[in-house]
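Notes follow the structure.
In the numbering used here, the protein residues as written are 31 to 321.
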């Protein structure tokens, strides 16, 4: 009797397990970590929700699947890499990142928290998605430090939208030098003699039409809006050229503005470094996709 009961229980367990496997298929394996169809569906909902929150354009089903799968693959490779550097993302950091993104796209505070409930988006999947965003932002900062470890002071320059001024910034870290930079800013014009500050900074002004500037620099500058900053270019002598396009006079630079500016001007350069870093991780990872 016990043997018969055990036999039927075994059949029930096997059938249930087979049903669960059928419902949740493995769609990819990344370095031994399986990605399931259940996870993919949850990430598809997260991405659909975020896309509708930020855009009026539609997204195709195949494109949605591709984006969700790439996000899940990125999650595995970046979390694995983050462990090597001791990088983690706390719940507070994730919530702060979400709040920052809400503010950036002019949404009310905690909008996502309540909107995902109405959209029937998994809270856990939503937090998992943003956990990776925080991890990537920390890796971004790590790349910025390793790529630009000599950058200390940056200076805002006022120009007309069709003009460009270059500032080559010093890597000397003293408050006295920063004051000199502020003084230098007040004197900058196309015919100023900046020899007094030759050991600190070199000023190059370009008043040509943007079409006359070399293609590499023009692509950067044309991607900028008025009152915005772009990337830092390192010259051959390890001094840094700083691009800034502005249509209004900037009188003072507070510490917070300085820090915000540093984050902005690094964004393009670090994103390129991050893409290289990501491609390197993808290149050495074992990835098998079944869909």
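C-beta atoms are modelled at their ideal positions from N, C-alpha and C, and glycine is treated no differently.
{"query": "Enclosing beta strand (DSSP E) for residue 318 [first to last residue]", "result": "317-319"}
{"query": "Touching by the beta-carbon criterion (3+ pairs, under 8 Å), the segment 87-104 and the segment 57-70", "result": "yes"}
{"query": "Beta-carbon proximity of residue 124 to residue 97, cut-off 9 Å", "result": "no"}
{"query": "Within 9 Å, strictly: CB atoms of residue 72 and residue 154", "result": "yes"}
{"query": "Per DSSP, the bridge partner or partners of residue 63", "result": "60"}
{"query": "The segment 104-119 contacting the segment 130-150, beta-carbon criterion three pairs below 8 Å", "result": "no"}
{"query": "Which listed residue (165, 304, 84, 94) has its alpha carbon closest to that of residue 110", "result": "165"}
{"query": "Cβ neighbour criterion (16 or more within 10 Å) applied to residue 86", "result": "exposed"}
{"query": "Contacting residues, own chain, Cβ-Cβ under 6 Å from residue 168 (five flanking each side not counted)", "result": "117"}
{"query": "Option nearest residue 308 by Cα separation, candidates 107, 162, 127", "result": "107"}
{"query": "Opening and closing residue of the alpha helix (DSSP H) in which residue 339 lies", "result": "Here the chain has residues from 31 to 321 only, and residue 339 is not among them."}
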